[in-house]
Amino acid sequence: MADKINVLISEEEINKRIKELGEQISRDYAGKEVHLICVLKGGVFFTTELAKRISLPVTFDFMSCSSYGSGTSSSGIVKIVKDLDESIEGKDVLVVEDIIDSGKTLSYLMPMLAQRKPASLRLCTMLDKPDRRVVHVDVDYTAFTVPDVFIVGYGLDYDQKYRNLPYIGAVEL
186 MADKINVLIS EEEINKRIKE LGEQISRDYA GKEVHLICVL KGGVFFTTEL AKRISLPVTF
246 DFMSCSSYGS GTSSSGIVKI VKDLDESIEG KDVLVVEDII DSGKTLSYLM PMLAQRKPAS
306 LRLCTMLDKP DRRVVHVDVD YTAFTVPDVF IVGYGLDYDQ KYRNLPYIGA VEL
């Protein structure tokens, strides 16, 4: 590895917290089917691990949004790269994101999904970086709040590298 990466959240801490979130979501959606929308690419690791810990029927769909280039900060322009395959009308939808920092992507995505008439619409993020927030976003479930450092691992990348790390780390830039 060419970059220096410091562990912020261990694999064990991540697994413990995802288990807790799965239990909470199972209680909150008791008697319902949860339709998870994974925001690609970074959200895939968190979404699959979370789904395994939800004790209710779960269905999936995937979206890909982009507001990053090859740098380390948001471009501010949100682009839908891949939209949903199926309608969410009447479904209990939980959007699953890897990280919320500026809030721009989710402040665009959540109202757009709400217009598609789901029965309910909530947001779950693995990581929340509130110090970077420029747009308010209501987050229903947060695994971890993190400092304003550049984060990789567990699905998050630095120029498409380090997604496969089993922990959350900070890149020394």
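In terms of the numbering used here, the sequence shown is residues 186 to 358.
Glycine included, each C-beta is placed from N, C-alpha and C at the ideal position.
According to DSSP, ASP246 shares a beta bridge with ILE222. In the three-state DSSP reduction, TYR339 falls in the coil class, being neither helix nor strand. In the DSSP assignment, TYR326 forms a beta bridge with CYS309. In the three-state DSSP reduction, LEU291 falls in the helix class (H, G or I).
Within the same chain, Cβ atoms closer than 7 Å to the Cβ of LYS276 are found at HIS220, PRO303, ALA304, the five residues on either side in sequence being excluded. DSSP places SER211 within a helical segment (H, G or I) once states are collapsed to three. For ALA236, the enclosing alpha helix (DSSP H) covers residues 229-237.
ASP333 and ARG317 have their C-alpha atoms spaced approximately 7 Å apart.
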